[in-house]
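Here the structure comes first, spelled out in structure tokens, and everything after it is commentary.
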Amino acid sequence: MVSYTSEALARPLMNLPRELMRDATRSFRVIQRYMGNVDNAVTPEEKFSDVLWLCNAGIRALLLRDEVFCQLAKQVTGNPSPGAAERGWTLLGVLLYAFRPTQLLLPHLDAFVDAAPVPTLRLRRFLRLQLGRVKRAGGRIAEMSASELQLVMAVPLQPLVFGGQLDEIVGCTDLVNCHTGLPRVLEQLTTLIVSLGGDRTEGLFRVPGDSDAVALTRLRIEAGQTDFSHVHDPNVPASLLKEWLRDLAEPLVPESLYEQCVSAPDDPATALGVMSLMPESSMHVLKFLMRFLAGLLLPDVQERTKMGASNLALVFGPSLLRNPASDLKN
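For the sequence shown, the positions run 2 to 331 when this note's numbering is used.
Pasting the structure below:
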């Protein structure tokens with residue numbers, strides 16, 4: 002059953018209520034048209050309209066979501082066209098912005114992505130990042146607008162900002178400030194935190210930003226946009242800074258140094274020894290981050306934010322230094 006077909010879908014792959022039968026067969030047609038195995042005459046505008054319908058159909062109907070993901074799994078399995086298969090995987094990542102699979106299907110979809118021959122490493126990372134995001138944040142409630150979908154559709158075409166390897170990020174001219182050697186997103190978020198009055202905001206980094214604002218701002222960053230005029234709360238870029246660090250493919254402090262760090266957490270000599278073993282790019286980012294956080298530890302700033310060194314350590318520690326055992330479980 003879960004194998005590519007060029008035929009129309011006679012009936013849904015799952016047991017669905019009668020009122021969703023038509024949407025299920027329509028969704029399969031949308032997937033086929035988007036992937037390009039059938040109806041090659043479809044225009045980009047028609048494809049966009051199809052995907053917008055599919056996103057919002059899944060947002061509206063919980064029971065349709067797993068059906069759509071199973072249909073996509075079917076069409077990327079054994080697909081005779083590598084290009085069509087890649088478009089199918091990309092569509093899977095796009096749809097994860099709109100809705101998530103049920104708890105019943107999620108582990109199976111997770112395993113399917115891990116085991117399947119995803120065409121490129123970058124696309125696999127994008128899918129892994131999307132699956133990790135929906136595990137943490139879930140799906141959305143409001144329907145997706147055309148302008149939001151335009152951003153979403155741009156993300157797979159951009160280099161990975163979140164979830165990438167740090168060396169790849171600093172090696173990409175689109176993602177690095179060539180004058181400082183630092184990731185642009187790191188400079189953008191820290192600058193935004195300060196300009197929005199983060200140093201005067203109680204609970205900075207402890208209080209999360211509005212989830213919708215965080216999601217939209219992250220989406221704009223991932224789509225390659227740099228206009229943050231819609232952001233007015235410093236907790237939004239603060240939340241995204243934590244997300245960026247947490248989502249790095251490898252933590253700033255390599256997992257190979259984890260035991261050294263936890264064996265003598267208060268020993269300056271051990272700390273210096275660990276730092277001497279860190280990759281150059283990681284050390285460069287860590288120094289910048291420590292200078293930024295040091296500015297938040299000035300007495301008058303701490304008095305306003307109520308965030309001392311121990312508070313900031315609790316917030317940033319797990320992202321900078323990840324337990325390899327926890328990473329393995331995740």
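Every residue gets a Cβ at the ideal spot worked out from N, C-alpha and C, and that includes glycine.
Going by Cα to Cα distance, which pick from the options is closest to residue i?
{"i": "Tyr5", "options": "Arg23, Asp24, Leu128, Arg30", "result": "Arg30"}
{"i": "Asp248", "options": "Leu21, Leu167, Leu93, Ser212", "result": "Leu167"}
{"i": "Gln189", "options": "Val114, Ser148, Val237", "result": "Val237"}
{"i": "Phe317", "options": "Glu256, Glu244, Glu260", "result": "Glu244"}
{"i": "Arg72", "options": "Leu53, Asn57, Ser82, Leu92", "result": "The sequence as given places Gln at residue 72; Arg does not occur at that position. Nearest of Leu53, Asn57, Ser82, Leu92 to Gln72, Cα basis: Leu92."}
{"i": "Pro18", "options": "Val39, Ala9, Glu68, Ile32", "result": "Glu68"}
{"i": "Met145", "options": "Thr181, Phe206, Gly59", "result": "Gly59"}
{"i": "Ala143", "options": "Pro118, Asp213, Ala11, Val52", "result": "Asp213"}
{"i": "Glu256", "options": "Ile222, Pro325, Asp267, Ser240", "result": "Pro325"}
{"i": "Ser82", "options": "His109, Ser7, Leu150, Leu187", "result": "Ser7"}
Let's see if you can read the secondary structure: which residues bound the alpha helix (DSSP H) around residue i?
{"i": "His285", "result": "281 to 296"}
{"i": "Ala62", "result": "No alpha helix (DSSP H) holds Ala62; DSSP gives it neither H nor E."}
{"i": "Leu322", "result": "Premise fails: Leu322 is in no alpha helix (DSSP H) and is neither H nor E."}
{"i": "Met22", "result": "22 to 36"}
{"i": "Asn236", "result": "236 to 248"}
{"i": "Tyr259", "result": "259 to 264"}
{"i": "Val135", "result": "122 to 138"}
{"i": "Gln151", "result": "147 to 155"}
{"i": "Gln104", "result": "Looking at the DSSP string, Gln104 is not in any alpha helix (DSSP H), and its letter there is neither H nor E."}
{"i": "Ser196", "result": "185 to 196"}
{"i": "Ile222", "result": "212 to 223"}
{"i": "Val208", "result": "Unbroken run through Val208: none, as it is neither H nor E."}
{"i": "Pro300", "result": "300 to 306"}
Do you know how far the Cα of residue j is from the Cα of residue i?
{"i": "Asp24", "j": "Ala250", "result": "37 angstroms"}
{"i": "Leu246", "j": "Val162", "result": "11 angstroms"}
{"i": "Ala112", "j": "Leu287", "result": "34 angstroms"}
{"i": "Lys75", "j": "Val195", "result": "48 angstroms"}
{"i": "Leu278", "j": "Ala270", "result": "13 angstroms"}
{"i": "Leu329", "j": "Cys262", "result": "Low confidence applies to Leu329: its pLDDT is 42, below 50, so where it sits in the model is not reliable enough to give any reading."}
{"i": "Thr121", "j": "Phe229", "result": "31 angstroms"}
{"i": "Asn312", "j": "Val208", "result": "12 angstroms"}
{"i": "Arg323", "j": "Glu281", "result": "19 angstroms"}
{"i": "Glu20", "j": "Leu258", "result": "56 angstroms"}
{"i": "Ser50", "j": "Lys307", "result": "48 angstroms"}
{"i": "Thr103", "j": "Leu297", "result": "41 angstroms"}
{"i": "Val153", "j": "Val95", "result": "6 angstroms"}
{"i": "Tyr98", "j": "Ala314", "result": "31 angstroms"}
{"i": "Ala310", "j": "Ala224", "result": "34 angstroms"}
{"i": "Ala9", "j": "Gly139", "result": "31 angstroms"}
{"i": "Cys179", "j": "Pro319", "result": "29 angstroms"}
{"i": "His109", "j": "Asp115", "result": "10 angstroms"}
Considering only heavy atoms of the ligand MG, does any lie closer than 7 angstroms to the CB of residue i?
{"i": "Ser311", "result": "Of ligands this structure carries none, so the ligand MG is not represented either."}
Give the DSSP-derived three-state secondary structure of residue i in the structure shown.
{"i": "Pro81", "result": "coil"}
{"i": "Val345", "result": "Lying before the first or after the last residue shown, residue 345 is absent from the chain, which here runs from 2 to 331."}
{"i": "Leu17", "result": "coil"}
{"i": "Val43", "result": "coil"}
{"i": "Val177", "result": "strand"}
{"i": "Gly274", "result": "helix"}
{"i": "Val171", "result": "helix"}
{"i": "Leu329", "result": "Residue confidence for Leu329 is low, a pLDDT of 42 falling below 50, so the modelled location carries little weight; the figure read from the coordinates is stated next. It is helical."}
{"i": "Ser50", "result": "helix"}
{"i": "Pro118", "result": "coil"}
{"i": "Phe70", "result": "helix"}
{"i": "Leu253", "result": "coil"}
{"i": "Pro269", "result": "helix"}
{"i": "Leu161", "result": "coil"}
Quiz item: Is the region 131 to 146 in contact with the region 195 to 209, if contact means three or more CB pairs nearer than 8 angstroms?
Solution: no
Quiz prompt | Meets three-Cβ-pair contact criterion under 8 angstroms: the region 149 to 164 and the region 63 to 78 | solution = no
Practice problem: Assess, as a yes-or-no matter, whether the region 40 to 48 is touched by the region 79 to 89 under the definition of 3 or more beta carbon pairs within less than 8 angstroms. | Solution: no
Quiz item: Per the contact definition of three or more C-beta pairs closer than 8 angstroms, is the region 216 to 233 in contact with the region 292 to 309?
Solution: no
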